[in-house]
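Remarks on the structure that follows.
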Amino acid sequence: MVVTRFAPSPTGYLHIGGLRTALFSWLWARKNGGKFLLRIEDTDLARNSQDALKAILEAFDWVGLDYDDEVVYQSDRFDIYKKYIEQLLAEDKAYYCYMSKEELDELRASQMANGERPRYDGRYRDFRGTPPAGIEPVVRIKAPQEGKIEFYDGVKGEISIDASEVDDFIIARSDGTPTYNFVVAIDDALMGLTDVIRGDDHLYNTPKQLVVYEALGFTPPKFYHVAMIHNEQGKKLSKRDGALDVMEYKKMGFLPEALLNFLVRLGWSRGDQEIFSIEEMLEYFDPKNINKSASSYNIDKLIWLNGHYINNTTNERLANLLQEFGVHISNHDRLEMLLDATKIRSKTLKELAQQIDMIISPPTAYDEKAKKKAFKGNAKEILKGFATMLKEWNKPLHLPIDYHAVMEHFVKSNEIGFGKLGQPLRVALLGQMSGPGMDEVMAIIGVDETIDRIDRALQEIKE
RNA sequence: GGCCCCUUCAUCUAGCGGUUAGGAUUCCAGGUUUUCAUCCUGGCCACAGGAGUUCGAGUCUCCUAGGGGUCACCA
Numbered sequence: 001m002v003v004t005r006f007a008p009s010p011t012g013y014l015h016i017g018g019l020r021t022a023l024f025s026w027l028w029a030r031k032n033g034g035k036f037l038l039r040i041e042d043t044d045l046a047r048n049s050q051d052a053l054k055a056i057l058e059a060f061d062w063v064g065l066d067y068d069d070e071v072v073y074q075s076d077r078f079d080i081y082k083k084y085i086e087q088l089l090a091e092d093k094a095y096y097c098y099m100s101k102e103e104l105d106e107l108r109a110s111q112m113a114n115g116e117r118p119r120y121d122g123r124y125r126d127f128r129g130t131p132p133a134g135i136e137p138v139v140r141i142k143a144p145q146e147g148k149i150e151f152y153d154g155v156k157g158e159i160s161i162d163a164s165e166v167d168d169f170i171i172a173r174s175d176g177t178p179t180y181n182f183v184v185a186i187d188d189a190l191m192g193l194t195d196v197i198r199g200d201d202h203l204y205n206t207p208k209q210l211v212v213y214e215a216l217g218f219t220p221p222k223f224y225h226v227a228m229i230h231n232e233q234g235k236k237l238s239k240r241d242g243a244l245d246v247m248e249y250k251k252m253g254f255l256p257e258a259l260l261n262f263l264v265r266l267g268w269s270r271g272d273q274e275i276f277s278i279e280e281m282l283e284y285f286d287p288k289n290i291n292k293s294a295s296s297y298n299i300d301k302l303i304w305l306n307g308h309y310i311n312n313t314t315n316e317r318l319a320n321l322l323q324e325f326g327v328h329i330s331n332h333d334r335l336e337m338l339l340d341a342t343k344i345r346s347k348t349l350k351e352l353a354q355q356i357d358m359i360i361s362p363p364t365a366y367d368e369k370a371k372k373k374a375f376k377g378n379a380k381e382i383l384k385g386f387a388t389m390l391k392e393w394n395k396p397l398h399l400p401i402d403y404h405a406v407m408e409h410f411v412k413s414n415e416i417g418f419g420k421l422g423q424p425l426r427v428a429l430l431g432q433m434s435g436p437g438m439d440e441v442m443a444i445i446g447v448d449e450t451i452d453r454i455d456r457a458l459q460e461i462k463e
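Quick look at the structure:
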């Protein structure tokens, strides 16, 4: 059975890099009928925030990533970690280190001054004397002092790191609380993880965690280290780049499936395929096809994908989603027509909301340029004539084709081009030069509203 | 700085010793559309550089350059 996990620390919102590795992990577990677990890395009590945790869960919920079992909180498991610390101490695989923070800083400073790599010197590794008074010791694990720590990474291949790069790192702080690399290894083992898919930035934690696996006799999972996502300048994403928070995308009017499709193609691909439904992702995803190199985030493609998904979403769902953007049309009697006419022109739900508003609310102002271009010559006469024809039309006016017939009859009998009528009519009804076809707009707003808007526009036009 | 990783159009990528180096997004042009959008057609644009290996290299090796990651009693 494949067991994967997402293990955020609750110190901020869920960002798109995290969502991508979560997606990869989720896909791999679901594809294999395995488990996708959620674990909260909250061993640093001082930095945790309840709001951050809520934000992460909210984002998961929005994109539709579900997890199995109960959420595991590391802060609930200190007893477990303590037991293992004591075990390692008893087995002489770990030891107390009585160096103070000041001493440690001093050591680091002198190493740096000598151009050396800052590193614990192991001075208490085999200490048997009397511990200095007044110092609460930390616990350090005995890491191998020579040779190499090697492991196979599912993305990057064989990784070999010199043992000298890994020092006897701290597994328990002087206040007794355990540290990250220690608890991660324990939890991954205890939770039965088979595949750990995580960011590239954890690559260097892996040898440390391997030391813990080795000391405790656990079997390590397979590791996949996914390269980072950079910003449009090719640098690491930072808060300054904005729109890092997954929920920001919701606010901007993106559909979760578009975001997921965008992210799955960042660092992973299947030939030339661009569009992936969740089902297709599940069918084809395999971490072995993850790219080695970092990718840059570029919003254009996401926008394009979102447009695609908006176009292919049912009108019922769109109407529902639109409520968050202040548009309430679920009960509109021309709902289908309205959305069919607008969704093709919208890349985001926000734009869609604007498009709809432009149609269902009468124009409060007319675009200056549009006015100049359309309300000229005999435009007034044409609009007047058209309104009259609408009033006197004796066939039913329901569908766009009904209105189209009126327009056709009008231009023919007046011997003018379609544009002569279309342009002023468009500005009269919508206040601007672009938008859906006039026949559609009229069918949506109805004949009374159409005449009403024409009348109002007529007052705008000078003789 | 040490160590590790990475390097194909502006961007996401395909490629797995023999291809006119393909697709997608962006951009540009044309067509469709009374307009806009969609859609269709076409175009611009890439193997970081240098040595090898080979009949033949984007693909293998090495070097250089550039980029990234990491070096906490943070996670």
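Going by my numbering, 321 is the number at position 321 of the first sequence; the sequence numbering is gapless. For every residue, glycine included, the Cβ atom is placed at its ideal position computed from N, Cα and C.
Secondary structure at residue i, three-state DSSP: helix, strand or coil?
i      : result
ILE229 : strand
GLU440 : helix
ILE161 : strand
LYS371 : helix
LEU37  : strand
PRO363 : coil
PHE169 : coil
HIS398 : coil
PRO131 : coil
PRO287 : helix
PHE6   : strand
TYR213 : helix
Where does residue i land, buried or exposed, given buried means 16+ other C-beta within 10 angstroms?
i      : result
ALA341 : buried
SER9   : buried
GLN323 : exposed
GLY431 : buried
TYR213 : buried
GLN423 : buried
HIS328 : exposed
ARG117 : exposed
VAL441 : buried
PHE418 : exposed
PRO396 : exposed
LYS376 : exposed
PHE306 : According to the sequence shown, residue 306 is Asn rather than Phe. Buried is the call here.
THR130 : exposed
SER346 : buried
VAL71  : exposed
HIS225 : buried
From which residue to which residue does the alpha helix (DSSP H) around residue i run?
i      : result
VAL2   : Premise fails: VAL2 is in no alpha helix (DSSP H) and is neither H nor E.
PRO56  : One point to set straight first is that residue 56 is Ile, not Pro, in the sequence displayed. ILE56 -> alpha helix (DSSP H) spans 50-63.
ILE141 : From DSSP, ILE141 is part of no alpha helix (DSSP H) but of the beta strand (DSSP E) over 138-141.
ARG123 : From DSSP, ARG123 is part of no alpha helix (DSSP H); its letter is neither H nor E.
ILE299 : 299-311
LEU425 : 418-430
GLY253 : Careful: GLY253 lies outside any alpha helix (DSSP H) and carries neither H nor E.
ILE382 : 379-392
LEU104 : 101-113
GLU86  : 78-90
MET337 : 335-343
TRP268 : First-last for TRP268: undefined, no H or E at that position.
Kindly indicate which residue of the options has the alpha-carbon position closest to the one of residue i.
i      : options                        : result
VAL466 : GLN459, HIS409, GLU415, GLU392 : Because the chain in this structure spans residues 1 to 463, residue 466 falls outside the shown range and cannot be described.
ILE171 : ILE401, GLU460, LEU88          : LEU88
LEU45  : PHE78, ASP69, GLN111           : PHE78
ARG173 : LEU193, TYR152, SER295, ILE135 : ILE135
ALA227 : LYS156, HIS308, ILE149         : LYS156
ASN48  : LEU65, LEU27, GLN74, GLU408    : GLN74
LEU390 : PHE410, LEU399, LYS380         : PHE410
Let's see if you can read the secondary structure: which residues bound the beta strand (DSSP E) around residue i?
i      : result
GLU150 : 148-153
ALA473 : Missing from the structure shown is residue 473; the chain here goes from 1 to 463 and no further.
ARG198 : 195-199
Can residue i be considered in contact with the ligand COA, in the sense that its beta carbon sits closer than 7 Å to one or more heavy atoms?
i      : result
MET112 : The ligand content of the structure shown is nil, which means the ligand COA is not present either.
Task: Cβ pair count under 8 Å reaching 3, the stretch 133-142 against the stretch 88-101 - done: Between the stretch 133-142 and the stretch 88-101, the count of Cβ pairs shorter than 8 Å is three or higher; the stretches touch.
Open item on the list: Three or more C-beta pairs under 8 Å: does that hold for the stretch 24-31 against the stretch 273-291?
Closed with: With the cut-off at 8 Å, the stretch 24-31 and the stretch 273-291 touch.
Open item on the list: Closer than 8 Å is the cut-off here; do at least three beta carbon pairs connect the stretch 259-277 with the stretch 48-58?
Closed with: The stretch 259-277, when compared against the stretch 48-58, does not touch it at the 8 Å Cβ threshold.
TODO: Tell me, please, whether the stretch 256-270 touches the stretch 19-27 by the rule of three or more beta-carbon pairs shorter than 8 Å.
DONE: Three or more Cβ pairs drawn from the stretch 256-270 and the stretch 19-27 lie within less than 8 Å of each other, which places the two stretches in contact.
Task: Validate contact between the stretch 118-128 and the stretch 227-241 using beta carbons, cut 8 Å, 3 pairs - done: No: fewer than three Cβ pairs fall under 8 Å.
- [ ] Check whether the stretch 181-197 touches the stretch 217-224, taking contact to mean three or more Cβ pairs, one atom from each stretch, closer than 8 Å.
- [x] Taking a contact to require three or more Cβ pairs closer than 8 Å, the stretch 181-197 and the stretch 217-224 qualify as touching.
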